[in-house]
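This report concerns only the one structure given below.
2 protein chains.
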Amino acid sequence: MSPIRVYLEGLRAGRRQLPTEAAHYLARVQRLAAGDRFVAFDPEAVLEADATLLHVSRQGSECELAVPRAARRAELGVTLMQAAGKGDKLEEVVRAATALGAAEVRVVVSERSVARPGSERGARLRAVAVAAARQSGRGDVPRITGPLSLLDALGELSGLTQALRICLHPRAALPLADAIAGSAAGGEALLLIGPEGGFSDAELASIEQSGFCLAALGPLTLRTELAAIAALGAFAARLPGAPDRL
Amino acid sequence: MSPIRVYLEGLRAGRRQLPTEAAHYLARVQRLAAGDRFVAFDPEAVLEADATLLHVSRQGSECELAVPRAARRAELGVTLMQAAGKGDKLEEVVRAATALGAAEVRVVVSERSVARPGSERGARLRAVAVAAARQSGRGDVPRITGPLSLLDALGELSGLTQALRICLHPRAALPLADAIAGSAAGGEALLLIGPEGGFSDAELASIEQSGFCLAALGPLTLRTELAAIAALGAFAARLPGAPDRL
């Protein structure tokens, strides 16, 4: 069994109060009792610490933390540039991107983006990423950035040297696996996924001018969030498992 | 824009009544009027036909079908052997597997399967597959088979010659992309995905004895349905797009 993991900010060795949410998760959801062990993790600081539950009550709950250690960073190296879609699909994408090891999710807004998410949505997406990091055993979280317009996002890339830049496109003759085969597994890459309805021809011209190659995930039409998840799967499939994992 | 697609059983050239559900979808959801065109498809027969809506009313709706033609079969060649999980996760897997082009979804029940789906669930899963085929532009549907026990499913394979047999495992040293790199893109493959909690050691021994190699999608822990979707993404990533698609 993997250890039970709980998000705690500001890890330091010693005795400390548990926030209500963490205490609830340990005592009610996971049914730990005083003396039981768990792992506290702070994915923003990329730290984790062995912990012991000391007591749980309505008046307050406490744990004892060992000296924090560096947590395992995800190794995928992919920045997912995801055009915003309808409803809560971005949450689905962030959840899967975190579990698959993406380095960053950069939300972009394109001509045909249906939803134009406000920046206040970032806090919600970061909470989704922390929860997905806990479940997947990941010691860090992807950066969640944006929303910014596609053209601004492309503009930010000029002068940068990220070698591999791929935009998924359903009519591309190049299979995604061939597009990534020449690069190092886990190396830096930008993966751009269009919204429902795709990018406009003008947008595609700008995308190609910015050094992106167009690549496909087969001949079928994929929902934008399925395209993102399946494409990240093709990247993650190049990494070995964790032989030392419990 | 892709043509509007509607599921109709038993395609034949000529005038015909539309079932209530199809008429509702065309007139209310897609807002077609008399004279508008659509494509009728029967993914179980792998046929489709150009169609014209003739009239829609509460008393009955009719369309005119052209001569049916063979529809495009999916080209992935992968049979997904999916251990049953909790809740409605199988629906999520079938939806994505259809859109990514899987040839078959074979539901298996293993020691740690949480849900043991009755065979009556097959009709529901087939409906999910038909809807996903419509949305993805796929002209056929994956076969949905099972549930059967893991050992029976492995027994059925003895004597068969499917060359590539892969079981995902989070501790495998072999990356999935390396496991599939030697096979033809779109070629026949069996992809076995464990339930929440994984396969037992005894099950893994039987799986390896049946000719499966263990492969990983990176070092992180994936929910079973995310593992299935991401792994199918790694297979689909080897196929080109559809340059002739509208």
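Quick mapping for you: the protein sequence lines, in order, are chains R and W.
Here the first sequence stands for residues -8 to 237, where the numbers follow our numbering.
Here the second sequence stands for residues -8 to 237, where the numbers follow our numbering.
Virtual Cβ for every residue (Gly too), placed ideally from N, Cα, C.
With 16 or more other Cβ atoms from the protein chains shown falling within 10 Å of its own Cβ, R129 (chain W) counts as buried. Taking the Cβ atoms as the reference, Q73 (chain W) lies roughly 7 Å from V99 (chain W), within the contact range of under 8 Å.
Interface with chain W (8 Å Cβ-Cβ cutoff): S(-7) (chain R) is included.
Under DSSP, E66 (chain W) forms no beta bridge with any residue. F29 (chain W) is bridged by DSSP to W:A42. In this chain, the alpha helix (DSSP H) harbouring A144 (chain W) covers L141 to L148. L9 (chain W) is positioned such that its CB atom lies closer than 8 Å to that of C54 (chain W).
A Cβ-Cβ distance of about 5 Å is found for the pair L208 (chain R) and A221 (chain R), placing them in contact under the 8 Å criterion. Its Cα nearest to that of D143 (chain W), the residue W:S101 stands out among W:S101, W:S(-7) and W:A62. Contact of P234 (chain R) with chain W is assigned, a C-beta pair being separated by under 8 Å. DSSP links Q73 (chain W) through a beta bridge to W:V98 and W:I184. The criterion of a C-beta distance shorter than 8 Å is satisfied by A31 (chain W) and V(-3) (chain W). About 4 Å separates the CB atoms of L205 (chain R) and H160 (chain R); that is less than 8 Å, so the two are in contact. At a Cβ-Cβ threshold of 8 Å, A4 (chain W) and P59 (chain W) count as neighbours. Residues are counted here when their Cβ sits less than 8 Å from a Cβ of chain R; for the stretch 207 to 231 of chain W these are A207, L208, G209, P210, L211, T212, L213, R214, L217, I220, A221, A222, L223, G224, A225, A227, A228, R229, L230 and P231, given in chain order. With respect to chain W, the C-beta atom of L67 (chain R) has a partner C-beta closer than 8 Å. A228 (chain W) is classed as buried because its beta carbon has at least 16 other beta carbons within 10 Å across all chains shown.
The criterion of a C-beta distance shorter than 8 Å is satisfied by A75 (chain R) and S104 (chain R). In this structure, A176 (chain W) and L230 (chain W) form a Cβ contact; the two beta carbons are roughly 6 Å apart against a cut-off of 8 Å. Of all residues in the stretch 162 to 174 of chain W, those with a C-beta nearer than 9 Å to a C-beta of chain R are R162, A163, A164, L165, P166, L167, A168, D169, A170, I171 and A172, reading in chain order. Using a 10 angstroms sphere on the CB of A154 (chain R), the tally of other CB atoms stays under 16, which defines it as exposed. Near chain W, meaning a CB-to-CB distance below 8 Å, the residues of the stretch 86 to 106 of chain R are A87, A90, L91 and G92. A residue is called buried when at least 16 other Cβ atoms come within 10 angstroms of its Cβ; E147 (chain W) does not meet this threshold and is exposed.
In the DSSP assignment, A206 (chain R) falls within the unbroken beta strand (DSSP E) covering C204 to A206.
Shown here, Q8 (chain R) sits in a strand according to DSSP, grouped into three states. Neighbourhood of Q73 (chain R) in chain W, by CB distance below 9 Å: empty, with the nearest CB roughly 15 Å away. In this structure, L213 (chain W) lies away from I198 (chain W), with their beta-carbon atoms at least 8 Å apart. At a cut-off of 8 Å, the C-beta of H15 (chain R) has no neighbouring C-beta in chain W.
For E82 (chain R), the CB contacts under 6 Å within the same chain, skipping 5 residues up- and downstream, are V119 in chain order. Around the CB of A123 (chain R), 16 or more other CB atoms lie within 10 Å, so the residue is classed as buried. Of the residues W:G150, W:A164, W:T152 and W:R97, the one whose Cα lies closest to the Cα of L139 (chain W) is W:R97. Around the beta carbon of G185 (chain R), 16 or more other beta carbons sit within 10 angstroms, so the residue counts as buried. R129 (chain W) reaches chain R at L211, counting residues in chain order whose Cβ is nearer than 7 Å.
Separation of H15 (chain W) and G232 (chain W) (C-alpha to C-alpha, rounded to the nearest whole angstrom) is 32 Å.
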